[in-house]
Amino acid sequence: MMKLDRREFILGSAATLAAGTSASALPVSKLVQRHPGYGAAATLLDLQADPRLGEAISTYCTQVVPVQELKWPMLRPDAHTFAFEHADAIHDFAQKNDLTMRGHTLVWYYDIPDWTKQLKDSKAVERAYVDHINTVVSYYKDKLTSWDVVNEPIPDNPKSVKDRRDTFWTQHLGDRWIPLAYRTAAAADPSVKLAINEYDIESAKDSFIAKRAAYRNLIMDLLDQGVPLHAVGLQSHLHAELEIDTHGLADFVTEVRSWGLEVFVTELDVNDEKLTGSPSERDAIVAKRVDDLLTAISTSGPVRSILTWGISDRYSWMNGLVKRPDKQPNRPLPLDGEFKPKPFMDVIGKFTKDV
Ligand code: G3I
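If you count the sequence shown from 1, position 131 lands on 153 in the numbering used here, and the numbers rise without skipping.
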């Protein structure tokens, strides 16, 4: 069977990736550079288009998470299809590079295909919901370390700690939508870690503090119901102009850990659009925000899982969405656009060296 060298492997089509033989074990010199527990998100398209991306992930990371390939739109083009090949190609890349993979995300209010929204009634929606979770988690049984089961369940500016996002799923399943997702996933794979995931709960801003309080309340409520929840995801899409709420976040993490839950940093990057100054000055502030975040989380124990949402500024979701007034490129990630490490990567190393 054809043996691909690493560059051919990463450049190849999904079919090539799937057909690739098992690459030889990575050189120890590469493995020792890796930061234990550090991972990055990537799309298959970017991995295939630019070998530097796969090379960087393989150099610095021990985990990868697909940006798109496990979401409803790509996985479920219609009611009868499970298009696993895209995520399988990333899983194949992970295996060939001695990386683990985590799943993102089974249930999200944002990415719901039109065919799902057009289902005729709530019973049909529930069948599709349960069938999706059961089929996908079963298919990836023993292949993933964890799943983001429900993503972003708390609305921005929650009215109270009991406020939950009003989603398409809520409209058809009522409050059952969250417990049902976790129970279905746990039944499909009792060994995979099941996480919940939320953003804008890390910085010192009143609305973020309110969102974190509602997130805490939801987590407590799910545990009280005996829902199989194992980890709390802090997306950590940080805002460079905002201080981290170090004490409040440290207290939150200490408490959820005391409930027996793990804490994952799941989508770390830093939006520096509001920063002025030179790139190196911006990079220093970005690194400080990351250091403050990880310091707060580490007060109650090591951060065993840190994923950045991308690894190089060249492939960030912010490009095209976030426009700096000075029209300079965004610098949200640990590697710059030419894959050179920034102080951000040093901070990752500082918090993962003893994991
Ligand atoms: O690949 C298609 C392309 O073929 C098509 O031409 C193009 C125009 O329609 O769309 C492309 O897909 C886009 C995809 O990103 C490319 O990776 C989708 O439209 C676009 O919706 C999708 O946006 C992603 C977004 O989640 C919605 O799924 C972002 O890349 C991704 O970074 C973002 O990630 C989210 C996390 O899942 C949850 N937390 C927040 C985070 C940032 O928004």
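For each residue, glycine too, the CB sits at the ideal point set by N, CA and C.
Looking at the unbroken alpha helix (DSSP H) that takes in residue i, where does it start and where does it end?
i: GLY76; result: 73 to 82
i: THR317; result: 301 to 320
i: ASP368; result: 365 to 374
i: GLY270; result: 268 to 280
i: HIS126; result: Unbroken run through HIS126 is the beta strand (DSSP E), 125 to 130; no alpha helix (DSSP H).
i: ALA226; result: ALA226 -> no alpha helix (DSSP H), and no H or E assigned at all.
i: ASP136; result: 136 to 139
i: ASN173; result: Note, ASN173: premise wrong, no alpha helix (DSSP H); beta strand (DSSP E) at 168 to 173.
i: LEU97; result: 94 to 97
i: LYS52; result: 50 to 53
i: SER144; result: 144 to 161
i: HIS57; result: Neither: HIS57 is in no alpha helix (DSSP H) and is coded neither H nor E.
i: GLN193; result: 190 to 195
How many whole angstroms separate the CB atoms of residue i and residue j, which I take to be in contact at a CB cut-off of 8 Å?
i: SER168; j: ALA203; result: The pair is not a contact, with the Cβ atoms about 14 Å apart (cut-off 8 Å).
i: ILE266; j: GLU224; result: 6 Å
i: TYR131; j: PHE190; result: 7 Å
i: LEU343; j: ALA78; result: Going by Cβ atoms, the distance from LEU343 to ALA78 rounds to 22 Å, so no, they are not a contact pair.
i: LEU69; j: GLY76; result: 5 Å
i: MET123; j: VAL86; result: 5 Å
i: ARG353; j: ARG304; result: 6 Å
i: GLY125; j: LEU166; result: 5 Å
i: ALA207; j: LEU128; result: 6 Å
Between the Cα of residue i and the Cα atoms of the options, which residue gives the shortest distance?
i: ASP170; options: LYS139, HIS252 and LEU67; result: HIS252
i: VAL377; options: ARG353, GLY323, THR317 and ARG311; result: GLY323
i: LYS233; options: GLU174, LYS165, ARG98 and ASP294; result: GLU174
i: HIS102; options: SER229, LEU48 and THR138; result: THR138
i: ALA235; options: ASP185, GLN257 and ASP114; result: ASP185
i: PRO88; options: ARG98, ARG74 and ASP110; result: ASP110
i: VAL158; options: ILE200, ASP136, PHE230 and ASP211; result: ASP211
i: ASP222; options: GLY248, TYR161 and VAL287; result: VAL287
i: THR298; options: ASP348, GLU148, SER182 and LEU128; result: ASP348
i: ASP228; options: HIS57, LEU264, ILE241 and LEU195; result: LEU264
i: ASP291; options: ALA64, PHE230 and LEU355; result: LEU355
i: LEU244; options: PHE115, SER302, MET367 and ILE200; result: ILE200
i: MET340; options: TRP281, LYS310, ASP294 and GLY282; result: ASP294
i: ASP72; options: ILE333, ASN156, SER300 and LEU92; result: ILE333
i: ALA306; options: ALA272, ARG98 and PHE366; result: PHE366
i: SER182; options: PHE230, SER213, VAL214 and ASP164; result: PHE230
i: LYS52; options: VAL308, VAL254, THR84 and SER338; result: THR84
i: ALA318; options: GLY282, LEU271, MET242 and HIS261; result: LEU271
State buried or exposed for residue i, treating a residue as buried only when at least 16 other CB atoms are found within 10 Å of its CB.
i: VAL369; result: buried
i: PHE257; result: In the sequence as presented, Phe is not what sits at residue 257; that position holds Gln. GLN257 comes out buried.
i: ASN179; result: exposed
i: GLU360; result: exposed
i: PHE373; result: buried
i: HIS269; result: exposed
i: ARG205; result: buried
i: ASP197; result: exposed
i: ARG149; result: exposed
i: LYS145; result: exposed
i: SER302; result: exposed
i: SER160; result: exposed
i: ASP136; result: exposed
i: LYS364; result: buried
i: LYS375; result: exposed
i: VAL50; result: exposed
Could you tell me whether any non-hydrogen atom of the ligand G3I is closer than 7 Å to the CB of residue i?
i: GLN257; result: yes
i: HIS126; result: yes
i: GLU91; result: no
i: GLU289; result: yes
i: TRP169; result: no
i: ASP133; result: yes
i: TRP331; result: yes
i: TRP339; result: yes
i: THR65; result: yes
i: ASN179; result: no
i: TYR221; result: yes
i: ASN239; result: no
i: ASN173; result: yes
Return the first residue and the last residue of the beta strand (DSSP E) that residue i is part of.
i: THR330; result: 328 to 330
i: HIS259; result: 259 to 261
i: TYR60; result: 60 to 64
i: PHE286; result: 284 to 293
i: LEU200; result: Here residue 200 is Ile; the residue named in the question, Leu, does not match the sequence. Counting along the chain, ILE200 falls outside any beta strand (DSSP E), though it belongs to the alpha helix (DSSP H) covering 199 to 210.
i: ASN219; result: 215 to 220
i: ALA105; result: Looking at the DSSP string, ALA105 is not in any beta strand (DSSP E), and its letter there is neither H nor E.
i: PRO88; result: 85 to 88
i: LEU256; result: 253 to 256
Beta-carbon of residue i versus every beta-carbon of chain B: anything under 8 Å?
i: ALA272; result: In the displayed structure, chain B is absent; only one protein chain is listed.
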